[in-house]
Structures are given as C-alpha cells and as structure tokens.
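Engineer: Structure below; questions to follow.
In the numbering used here, the protein residues as written are 222 to 497.
Right under this line is the structure:
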C-alpha cells in the first residue's frame with residue numbers, strides 16, 4: 222500500500238482575502254429568482270394608508286397586495302412607525318411618502334424602495350439585494366450587516382454606518398458618524414461628506430471612499446491609491462442616484478484594511494499591544 226505524503230497544513234496558509242466573489246453566472250438568469258417569488262406587475266399600482274394602523278397591519282397589507290399582483294405600492298402617512306417594509310423577498314416597487322422609524326426595510330431581498338422622508342436606527346439591516354433610496358437623513362447603524370444591493374441616503378447618517386457590512390454598496394450624500402465601517406468584511410461605502418472618528422475600525426476587507434474630512438481612522442484602517450477603474454465605477458454609481466463628489470471622484474480618499482489583524486489570535490501578547 223502506498224504511503225501518504227504530507228504536503229503541509231492549510232492552517233499555516235496566510236489569508237489573502239478577496240473583495241469580490243462570483244457565486245453564480247449571469248447567463249443563468251432564469252435561475253436567479255426565488256422559487257417562491259410572486260409574479261407582480263409594476264404597472265399595477267395601489268396606495269396603502271398607514272394612518273391609525275399598526276406596522277404589522279401595514280406590512281400584512283403590503284404582502285396581501287403583492288399576492289394580488291400589485292408591483293408598485295405606495296404607503297401614505299407612514300408616521301415614522303418602526304419596522305415598516307421588512308422581510309420583503311420579492312421584486313417590488315415600494316414607495317413611502319414620509320418617514321420611517323427604527324429597523325425600516327430590514328431583511329429585504331429584491332425590492333426597489335423609495336423613502337421621501339427620514340429613517341431611524343438600523344435601516345436596511347441584513348439587506349440582500351435591490352435598492353433603497355432615502356431622500357433625507359438616517360439614524361445610526363445604517364445598513365448594518367448588508368450583503369448586497371445599493372443602499373443610498375442623500376442626507377447625513379449617524380454612527381456605525383455599515384457595521385459588519387458583508388457586501389453591496391452604501392452611499393451617503395452627506396456626513397457619517399463615528400465608527401462607520403466598523404468590522405466591515407466586504408463591499409464598498411461611498412461617503413461624499415465628512416466622516417467621524419474611528420472610520421473603518423477593525424475592518425477585515427472592503428473599501429471606503431470619503432469626499433470630505435475624516436476625523437480619524439480606526440485600528441488597521443489605512444489609506445490606499447485610487448485607480449481609474451474605481452473612479453469610473455464610482456462616477457457611474459453616483460450618476461445613477463443623481464449625486465456627485467464635491468471635489469471630483471478622483472479626489473475621493475480611499476480607505477482599506479491594513480490586514481494586520483487577520484491573524485490576530487496567533488500574535489504574541491507583546492505584538493497585540495503594538496497593534497492596539
């Protein structure tokens with residue numbers, strides 16, 4: 222019987238990391254829809270008045286109208302209720318005429334959502350795909366743990382924007398608060414205004430672009446050089462939402478991970494002190 226030859230342990234391999242991964246082929250478009258997706262008609266419109274109704278009742282009516290084939294739903298008088306528009310796993314054009322409270326539009330996979338007012342904390346948490354565009358300001362933990370799609374706030378946002386971000390694109394037309402990009406793992410964040418302290422703290426991967434002043438970088442966040450490919454991509458993305466960089470796309474400051482914390486657990490105690 223032949224003897225097995227050891228070729229080394231995979232655990233000793235240094236991680237290289239990737240900003241993008243390909244999970245499917247675009248030519249297999251017929252397989253990209255969920256088997257449970259509802260067939261809706263975007264030309265079929267309906268209004269839902271949220272005045273005097275609970276968030277649960279409004280969400281249930283949105284689901285009921287989708288099952289009836291309505292592809293464009295407008296919610297009137299949302300009244301800053303919490304948890305509106307959550308858990309939509311379907312193509313849908315959803316319009317909120319007003320402001321949302323906490324946890325709006327979370328756990329979404331596919332809808333195109335427009336919000337004419339403001340949103341509270343944790344908007345679009347765990348968003349998978351689609352687009353969400355907010356015309357005014359947003360609270361803290363904007364886009365927490367999103368995995369895909371475009372999340373856009375044309376105003377200012379609070380602290381911890383994109384915390385634990387795992388993919389997709391977050392665009393902020395104004396300023397963002399402290400610890401934005403904290404523990405970011407993948408994806409891209411574009412901030413056209415100023416950024417608060419500890420930007421990109423402990424980020425594992427992904428990229429942050431900032432058009433204004435940065436109050437301070439977090440642990441293991443470092444400057445990097447912009448490429449022409451990135452400039453072209455950012456310009457197309459901003460044009461899509463009617464936004465532009467204050468001093469030109471080419472003058473955005475690019476922040477990425479220094480990758481010094483990737484093997485943090487294997488460092489000696491004295492080395493950990495140097496990193497911190």
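The beta-carbon is built from N, C-alpha and C at its ideal position, and this holds for glycine as well.
I'd like to confirm the pairing. Which residues does DSSP put opposite residue 430 in its beta bridges?
Structural biologist: In the chain shown, residue 430 corresponds to position 209, counting from 1. In the DSSP output, where bridge partners are listed per residue, residue 430 has 411, 475.
Engineer: Using only CA atoms, which one of 367, 372, 414 lies nearest to residue 403?
Structural biologist: In the chain shown, the residue the question calls residue 403 occupies position 182. Comparing Cα-Cα distances from residue 403 to each of 367, 372, 414, the minimum goes to 367.
Engineer: Report yes if the CB atom of residue 465 is closer than 9 Å to the CB atom of residue 413, and no otherwise.
Structural biologist: The residue given as residue 465 occupies position 244 in the chain shown. The residue given as residue 413 occupies position 192 in the chain shown. Against a cut-off of 9 Å, the Cβ pair of residue 413 and residue 465 comes out as a contact.
Engineer: Which whole-angstrom value is the C-beta distance of residue 363 and residue 382, which I expect to be below 8 Å?
Structural biologist: Within the chain shown, residue 363 is the residue found at index 142, counting from 1. Within the chain shown, residue 382 is the residue found at index 161, counting from 1. Right, their Cβ atoms sit about 5 Å apart.
Engineer: Using three-state DSSP, classify residue 330 as helix, strand or coil.
Structural biologist: Within the chain shown, the letter at position 109 stands for residue 330. Three-state result, residue 330: strand.
Engineer: Is the distance from the Cβ of residue 309 to the Cβ of residue 295 below 9 Å?
Structural biologist: The residue given as residue 309 occupies position 88 in the chain shown. The residue given as residue 295 occupies position 74 in the chain shown. One thing to note: residue 309 has its Cβ no nearer than 9 Å to the Cβ of residue 295.
Engineer: Rounded to whole angstroms, how far is the Cβ of residue 172 from the Cβ of residue 300, which I believe are closer than 8 Å?
Structural biologist: Past the boundaries of the shown model lies residue 172; the chain is included only from 222 to 497, so the question cannot be answered.
Engineer: Just the Cα atoms here: how many angstroms apart are residue 335 and residue 425?
Structural biologist: In the chain shown, the residue the question calls residue 335 occupies position 114. In the chain shown, the residue the question calls residue 425 occupies position 204. Answer to the nearest angstrom: the Cα atoms are 31 Å apart.
Engineer: So, are the CB atoms of residue 359 and residue 377 less than 9 Å apart?
Structural biologist: To locate residue 359, count along the chain shown from 1; it is residue 138. To locate residue 377, count along the chain shown from 1; it is residue 156. In contact: residue 359 and residue 377 (Cβ atoms closer than 9 Å).
Engineer: Name the DSSP bridge partner or partners of residue 268?
Structural biologist: For the purposes of this step, residue 268 is taken as the residue at position 47 of the chain shown. Answer by DSSP bridge pairing, in chain order: 295.
Engineer: Taking the beta carbon of residue 477 as the centre, do at least 16 other beta carbons fall within 10 Å, making it buried, or is it exposed?
Structural biologist: Residue mapping note: residue 477 aligns to position 256 of the chain shown, counting from 1. Taking all protein chains in view, the Cβ of residue 477 is crowded by 16 or more other Cβ atoms within 10 Å, so the residue is classified as buried.
Engineer: Roughly how far, in whole angstroms, is the beta-carbon of residue 379 from the beta-carbon of residue 350, given that I think they are within contact range, below 8 Å?
Structural biologist: Residue mapping note: residue 379 aligns to position 158 of the chain shown, counting from 1. Residue mapping note: residue 350 aligns to position 129 of the chain shown, counting from 1. Wrong, their Cβ atoms sit about 24 Å apart, outside the cutoff.
Engineer: Roughly how many angstroms lie between the CA atoms of residue 411 and residue 393, to the nearest whole one?
Structural biologist: The count along the chain shown starts at 1 and reaches residue 411 at position 190. The count along the chain shown starts at 1 and reaches residue 393 at position 172. Looking at the two C-alpha atoms, the distance is approximately 6 Å.
Engineer: Nearest to residue 304 by alpha carbon, out of 436, 384, 314, 329?
Structural biologist: Counted from its first residue, the chain shown places residue 304 at position 83. When only C-alpha atoms are compared, the closest one is 329.
Engineer: How should residue 449 be labelled, buried or exposed, when 16 other C-beta atoms within 10 angstroms of its C-beta is the threshold for buried?
Structural biologist: Taking the chain shown and counting its residues from 1, the one referred to as residue 449 is at position 228. Flag for residue 449 reads exposed.
Engineer: Using the C-alpha atoms, what's the distance from residue 462 back to residue 338?
Structural biologist: Stepping through the chain shown from its first residue, residue 338 is reached at position 117. Stepping through the chain shown from its first residue, residue 462 is reached at position 241. Approximately 16 Å between the Cα atoms of the pair.
Engineer: Within 10 Å of its beta-carbon, does residue 409 have 16 or more other beta-carbons around it, so buried, or fewer, so exposed?
Structural biologist: For this step, residue 409 is matched to residue 188 along the chain shown. With 16 or more Cβ atoms within 10 Å of its Cβ, residue 409 is classed as buried.
Engineer: Note down the Cα distance separating residue 475 from residue 459, rounded to an integer number of angstroms.
Structural biologist: Along the chain shown, read from residue 1 onward, the residue named residue 475 stands at position 254. Along the chain shown, read from residue 1 onward, the residue named residue 459 stands at position 238. Cα-Cα distance, rounded: 16 Å.
Engineer: Is the beta carbon of residue 401 less than 9 Å from the beta carbon of residue 388?
Structural biologist: In the chain shown, counting from the first residue as 1, residue 401 sits at position 180. In the chain shown, counting from the first residue as 1, residue 388 sits at position 167. No, they are not a contact pair.
Engineer: Quick one: grab the DSSP three-state call for residue 460.
Structural biologist: One-based indexing of the chain shown puts residue 460 at position 239. Helix, per DSSP.
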